[in-house]
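Taking it in order: structure first as structure tokens, then the write-up.
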Ligand code: MLC
Ligand code: AMP
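Numbering (my numbering), first residue to last: 67 to 561.
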């Protein structure tokens, strides 16, 4: 019986340590056994979940992997939820994905219990799961749907990006080859596990390779830096904000501490930055501090990783390199011409086995996002001396903050529910730490007043922290063009 590729790979290194944690090391053999048992418990006597969606709210660690693999081995579609999501955000994802059940770690039970009750969803606590007699697991074709990741964009609410097992395999294999993943690798995992950066680039590439993951519930700077000083890692992957924060921390600590950490970074075989533009100045500062040349790459939920600086060769600050193995990429000009030369900007379009299947139950949106079989990323780039450089995005309504993609429209729709707000316009403004920070210009209802702190505390139950505006401007009117449409570039100048 053929098995899912990631499971078959795990059997090849079953005695290696998969997850290293304070509570004890866990081997691949344990992941294989526990995920099979968990799959049986999800099946509850059925033969196959037949692509039923199973959502889960579990922090990084052994349980996260066993739940994800268990869902896959039972024939389900994995829908990872954000640990920092608010109640309304969780409810939206559970409803939109038509999840049939939710798996949580005990610590997160309270966060979802009431929602599950209201929506009539079965709630399973992974900590309480007791293996029963394992049942036969279904054979899963790799063309079947495997995962739905929610991503914000030019629609008000996030869309579910569906990938098949074959898509995921392609997204992993290209990175394992290009960045020479090895079974001896050790990597910290502190990025959120509802996005590709954490799920594919860090967790799945490591597990595919028989490497060891050291999980953190979120980015705990002091703990991570102290492990770096211990030489705990060979590979490190983070978003630019994390490099900015680490530079600030290293520069403000005592010289003797700094030396230990810098030496730990210097000895790693690979350090990668991605998910947002890495300013050339940060790239250079990092090299000056640690001697490491960061490898910058470019990717997207819908396509996995597409462009990368070379593992061996010239890693150029400000550039994202060349297409990864198996990725076909072209630039299309505003006039609809395929660009063949250097120096002319165009939209990045991507084709190949790593490109997603569809937006969940949105066939028109899926169709509109492809052109002649190429996925339209909405990102602009230019080829310069053989390397691609990202120039920005076509839509002003997409903001990248701390590596998270945010929709200005989604934030505006929420803020419009505030009783004092008559009109509002959300924009991203340049920020040294966050890349972009969320800023909002608001026109108030008559007689109302609003201050930053009042707005922020009102937002806390409704929006994840990183979506909450950092800047507020109260305006008499929003700048509009001759057609009466709000002009966002003009709004941005208000901050
Ligand atoms: C948090 N804060 C922000 C903020 N996020 N302020 C402005 N903008 C933001 N985006 C504030 C909080 O309100 C709080 O303020 C303080 O910062 C600390 O909050 P925190 O949540 O504890 O922050 P921290 O843990 O430091 O988080 C920073 C981070 C995190 C960079 C570690 O944002 C992160 O994990 N980002 C990674 C996202 C990611 O993986 N993206 C990949 C998507 S996939 P106060 O006042 O309360 O102290 C993709 C494809 C690809 O993009 O190519 O990879
Ligand atoms: P997401 O939808 O969260 O997967 O975010 C994908 C988006 O992140 C891309 O469409 C780009 O806009 C942005 N992105 C990813 N990597 C880079 C990079 N190296 N430089 C600039 N932007 C990037």
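Don't be surprised by glycine CBs; every beta carbon is placed ideally from N, CA and C.
For residue i and residue j, I'd like the C-alpha separation in whole angstroms.
i: residue 337; j: residue 545; result: 43 Å
i: residue 417; j: residue 445; result: 15 Å
i: residue 225; j: residue 172; result: 28 Å
i: residue 492; j: residue 457; result: 21 Å
i: residue 547; j: residue 553; result: 6 Å
i: residue 319; j: residue 376; result: 32 Å
i: residue 404; j: residue 410; result: 10 Å
i: residue 128; j: residue 92; result: 7 Å
i: residue 511; j: residue 486; result: 5 Å
i: residue 209; j: residue 94; result: 25 Å
i: residue 73; j: residue 550; result: 56 Å
i: residue 90; j: residue 69; result: 28 Å
i: residue 514; j: residue 484; result: 11 Å
i: residue 295; j: residue 480; result: 43 Å
i: residue 467; j: residue 198; result: 44 Å
i: residue 251; j: residue 391; result: 21 Å
i: residue 327; j: residue 352; result: 13 Å
i: residue 429; j: residue 291; result: 45 Å
i: residue 371; j: residue 142; result: 24 Å
i: residue 389; j: residue 408; result: 15 Å
i: residue 280; j: residue 383; result: 29 Å
i: residue 439; j: residue 317; result: 48 Å
i: residue 275; j: residue 386; result: 24 Å
i: residue 334; j: residue 501; result: 26 Å
i: residue 449; j: residue 157; result: 42 Å
i: residue 104; j: residue 110; result: 10 Å
i: residue 175; j: residue 559; result: 44 Å
i: residue 360; j: residue 253; result: 15 Å
i: residue 299; j: residue 293; result: 8 Å
i: residue 135; j: residue 154; result: 27 Å
i: residue 265; j: residue 238; result: 10 Å
i: residue 243; j: residue 373; result: 14 Å
i: residue 304; j: residue 541; result: 37 Å
i: residue 526; j: residue 516; result: 15 Å
Using alpha carbons as the reference points, say which of the options lies closest to residue i.
i: residue 330; options: 358, 344, 212, 144; result: 358
i: residue 130; options: 100, 356, 460; result: 100
i: residue 489; options: 472, 507, 181; result: 507
i: residue 113; options: 425, 237, 206, 122; result: 206
i: residue 186; options: 178, 192, 540; result: 178
i: residue 192; options: 560, 123, 360; result: 123
i: residue 267; options: 459, 461, 420; result: 420
i: residue 529; options: 218, 125, 166; result: 218
i: residue 284; options: 307, 257, 275; result: 257
i: residue 195; options: 108, 560, 495; result: 108
i: residue 348; options: 422, 306, 427, 523; result: 306
i: residue 287; options: 300, 315, 278; result: 315
i: residue 503; options: 482, 477, 517, 313; result: 477
i: residue 425; options: 354, 460, 230, 248; result: 230
i: residue 220; options: 453, 432, 452; result: 432
i: residue 132; options: 85, 346, 531; result: 85
i: residue 118; options: 166, 77, 71, 88; result: 166
i: residue 378; options: 520, 245, 115; result: 245
i: residue 71; options: 234, 116, 289; result: 234
Under the assumption that residue i contacts residue j (Cβ atoms under 8 Å), give the Cβ distance between them as a whole number of angstroms.
i: residue 144; j: residue 120; result: 6 Å
i: residue 106; j: residue 200; result: 5 Å
i: residue 139; j: residue 203; result: 5 Å
i: residue 126; j: residue 282; result: 7 Å
i: residue 152; j: residue 169; result: Not a contact, Cβ separation roughly 20 Å.
i: residue 475; j: residue 465; result: Not really, about 10 Å apart at Cβ, beyond 8 Å.
i: residue 537; j: residue 495; result: 6 Å
i: residue 469; j: residue 342; result: 5 Å
i: residue 499; j: residue 310; result: 5 Å
i: residue 277; j: residue 249; result: 6 Å
i: residue 340; j: residue 362; result: 6 Å
Quick one: is the Cβ of residue i within less than 8 Å of any heavy atom of the ligand NAP?
i: residue 367; result: As far as ligands go, the structure on display features the ligand MLC and the ligand AMP and does not contain the ligand NAP.
Practice task
Determine contact between the stretch 390–401 and the stretch 409–429, defined as no fewer than three beta-carbon pairs at a distance below 8 Å.
Solution key: yes
Problem - Cβ pair count under 8 Å reaching 3, the stretch 253–262 against the stretch 133–148 - result: yes
Exercise for the section: Only counting runs of 4 or more residues, tell me where the alpha helix (DSSP H) segments fall wholly within the stretch 374–436, in order along the chain. Expected result: 429–434
Problem - Segments assigned beta strand (DSSP E), at least 3 residues, entirely inside the stretch 85–125 - result: 119–123
Practice task
Give a yes or no on contact between the stretch 432–447 and the stretch 357–376, applying the rule of three or more CB pairs nearer than 8 Å.
Solution key: yes
Exercise for the section: Jot down the residue ranges of each uninterrupted beta strand (DSSP E) in the stretch 121–154, minimum 3 residues, whole runs only, in chain order. Expected result: 143–146
Exercise for the section: At 4 residues or longer, and completely inside the stretch 272–346: list those alpha helix (DSSP H) runs for me, N to C. Expected result: 287–295, 306–317, 321–333
Practice task
Check whether the stretch 152–171 touches the stretch 266–278, counting contact only when three or more Cβ pairs, one atom from each stretch, lie closer than 8 Å.
Solution key: no
Practice task
Could you pull out every unbroken alpha helix (DSSP H) segment of at least 4 residues lying fully inside the stretch 186–267, listed in chain order?
Solution key: 231–244
Practice task
Let me know the alpha helix (DSSP H) ranges lying completely inside the stretch 491–557, each 4 residues or longer, listed in chain order.
Solution key: 518–525
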